[in-house]
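A.B. asks: Under the numbering used here, read the sequence shown as residues 73 to 318, first letter to last. Cβ coordinates follow ideal geometry from the N, Cα and C atoms, glycine included. On a predicted model such as this, the values are computed, not experimentally measured, just so you know.
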Amino acid sequence: MIKLKADLHLHSVLSPCGDLVMTPAEIIKKAKKEGIDVLALTDHNSAENVEVFKYFAKKNNLEIIPAMEAETKEEIHILCYFPDIKSLLNWQEIIYNNLSDQENDEDFFGPQIKCDYNDDYQSKINTLLAASVDLSLEKCVEKVKKLGGLVVPSHLDRKHSIISQLGFIPPELDFITVEISKNTNPKAILKKFPQFKEFQFMQNSDSHYLKEIKAYQNLIVKNFSFSEFKKAVEKKEGRKIELIKT
Numbered sequence: 073m074i075k076l077k078a079d080l081h082l083h084s085v086l087s088p089c090g091d092l093v094m095t096p097a098e099i100i101k102k103a104k105k106e107g108i109d110v111l112a113l114t115d116h117n118s119a120e121n122v123e124v125f126k127y128f129a130k131k132n133n134l135e136i137i138p139a140m141e142a143e144t145k146e147e148i149h150i151l152c153y154f155p156d157i158k159s160l161l162n163w164q165e166i167i168y169n170n171l172s173d174q175e176n177d178e179d180f181f182g183p184q185i186k187c188d189y190n191d192d193y194q195s196k197i198n199t200l201l202a203a204s205v206d207l208s209l210e211k212c213v214e215k216v217k218k219l220g221g222l223v224v225p226s227h228l229d230r231k232h233s234i235i236s237q238l239g240f241i242p243p244e245l246d247f248i249t250v251e252i253s254k255n256t257n258p259k260a261i262l263k264k265f266p267q268f269k270e271f272q273f274m275q276n277s278d279s280h281y282l283k284e285i286k287a288y289q290n291l292i293v294k295n296f297s298f299s300e301f302k303k304a305v306e307k308k309e310g311r312k313i314e315l316i317k318t
């Protein structure tokens with residue numbers, strides 16, 4: 073088995089809450105400096121910057137997992153990971169078809185910017201991305217799995233989480249891994265919520281600023297591939313996620 077440092081939840085300038093210097097190339101540059109091996113760009117309800125992100129990652133010998141942070145009908149944030157960009161873009165189409173046509177108020181939310189292969193601003197997304205879609209949590213999980221992907225509930229200990237919105241984790245959804253915030257002590261959260269002992273924790277930077285990018289976990293896998301990542305998330309065959317003590 074090998075250890076791969078991973079940051080699997082971060083936002084670019086496409087997310088209205090992302091800093092304006094969070095372009096794909098700048099994110100990759102900072103991740104390289106931090107010694108990160110695997111990244112996932114998880115913009116809100118959109119994957120418009122993932123192909124450019126993959127391009128710059130490849131140039132720097134970093135691996136990526138195609139991903140998105142979606143917001144369900146219940147206002148639950150979920151991390152959606154896919155085996156390839158094609159399946160991610162199919163998911164994006166489903167999301168766009170179920171997203172309201174509310175226009176983004178840049179003065180309030182911030183701009184939503186798509187970047188080009190020169191890492192320059194290319195265009196803006198006018199529809200507000202930081203909003204819930206007309207799909208339930210159960211339906212989102214079902215559709216992501218149908219596309220070959222997997223879901224990890226975001227920041228269990230914060231607002232817009234499965235706990236803040238539902239108060240519990242539905243057992244029928246078969247989650248094995250859940251995300252906790254980067255500043256959360258795993259022991260403290262288990263003391264507060266002992267029922268979470270059955271879950272494996274994932275911990276990411278959830279970066280909106282370059283200075284926040286950092287690895288908080290290792291993927292314990294045989295090699296880098298989506299199938300190995302999936303086994304790590306599902307804690308199968310000795311693969312797992314190991315939190316880095318900070």
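For Asn290, name the three-state secondary structure that DSSP assigns.
C.D. replies: Three-state result, Asn290: strand.
A.B. asks: When the Cα atoms are used, what is the spatial distance from Ala129 to Asn257?
C.D. replies: Whole-angstrom Cα-Cα distance: 30 angstroms.
A.B. asks: Along the alpha helix (DSSP H) that carries Ala97, what are the first and last residues, could you check?
C.D. replies: Its alpha helix (DSSP H) spans residues Pro96 to Lys105.
A.B. asks: Might you give, ordered along the chain, the residues of its own chain that have their beta carbon closer than 8 angstroms to the beta carbon of Gly107, omitting 5 neighbours on each side?
C.D. replies: So the qualifying residues of the chain are Lys77 and Ala287.
A.B. asks: Distance check for Glu141 and Lys204, CA to CA, integer angstroms please.
C.D. replies: One point to set straight first is that residue 204 is Ser, not Lys, in the sequence displayed. Cα-Cα distance, rounded: 11 angstroms.
A.B. asks: Using DSSP's beta-bridge definition, name the partner residues of Thr199.
C.D. replies: According to DSSP, which records beta bridges pairwise, Thr199 is partnered with Glu175.
A.B. asks: What's the gap between the Cα of Ser277 and the Cα of Ala119?
C.D. replies: Cα to Cα, the separation comes out at about 19 angstroms.
A.B. asks: Taking DSSP's pairing of strands, which residues face Pro225 in a bridge?
C.D. replies: In DSSP, Pro225 forms a bridge with Ile150.
A.B. asks: Do you know whose CA, among Val305, Glu300, Asp246 and Ala97, lies nearest Glu210's CA?
C.D. replies: When each option's Cα is compared against that of Glu210, the closest is Asp246.
A.B. asks: Would you be able to state if there are at least three C-beta pairs under 8 angstroms between the stretch 163-173 and the stretch 224-241?
C.D. replies: In short, these stretches do not touch, since the Cβ pair count stays below three.
A.B. asks: Using the Cα positions of Asp91 and Asp179, report the straight-line distance between them to the nearest angstrom.
C.D. replies: Computed Cα separation, rounded: 14 angstroms.
A.B. asks: Does the distance from the CB of Ile252 to the CB of Gln289 come in under 7 angstroms?
C.D. replies: In this structure, Gln289 does not lie closer than 7 angstroms to Ile252 by Cβ.
A.B. asks: Quick one: what's Gly79 bridged to in DSSP?
C.D. replies: The question names Gly, but residue 79 in the sequence shown is Asp. DSSP, once it has assigned bridges, lists Leu111 as partnering Asp79.
A.B. asks: Can you name the residues that DSSP bridges to Glu306?
C.D. replies: In DSSP, Glu306 forms no bridge with anything.
A.B. asks: By how many angstroms is the C-alpha of Lys104 removed from the C-alpha of Glu143?
C.D. replies: Between Glu143 and Lys104, the C-alpha separation is close to 29 angstroms.
A.B. asks: Helix or strand or just coil, what does DSSP make of Val213?
C.D. replies: Residue state, collapsed to three classes: helix.
A.B. asks: Could you spell out where the beta strand (DSSP E) holding Val122 opens and where it closes?
C.D. replies: No beta strand (DSSP E) holds Val122; the alpha helix (DSSP H) holding it covers Val122 to Lys131.
A.B. asks: Cα-Cα, which of Ser236, Pro88, Ala304 and Lys75 is closest to Ile150?
C.D. replies: The shortest Cα separation from Ile150 among Ser236, Pro88, Ala304 and Lys75 belongs to Ser236.
A.B. asks: For Lys126, collect the residues of the same chain with a Cβ closer than 8 angstroms to its Cβ; drop the 5 residues on either side in sequence, then sort them by chain order.
C.D. replies: Once the five neighbours on either side are set aside, the close Cβ partners of Lys126 are Ile136, Pro138 and Ile157.
A.B. asks: With DSSP collapsed to three states, give me the class of Leu238.
C.D. replies: Here Leu238 sits in helix by DSSP.
A.B. asks: Tell me which same chain residues have a C-beta within less than 6 angstroms of the C-beta of Tyr281, skipping the five on either side of it?
C.D. replies: So the list reads Asp91, once near-sequence residues are dropped.
A.B. asks: Taking the beta strand (DSSP E) that Ala139 belongs to, which residues open and close that run?
C.D. replies: Per DSSP, Ala139 belongs to the beta strand (DSSP E) from Ala139 to Glu143.
A.B. asks: Return the CA-CA distance between Asn117 and Lys303, expressed in angstroms with no decimal places.
C.D. replies: Rounded to whole angstroms, Asn117 to Lys303 spans 25 angstroms at the Cα level.
A.B. asks: What residue range does the beta strand (DSSP E) around Gln275 cover?
C.D. replies: Looking at the DSSP string, the run of the beta strand (DSSP E) that includes Gln275 is Gln272 to Gln275.
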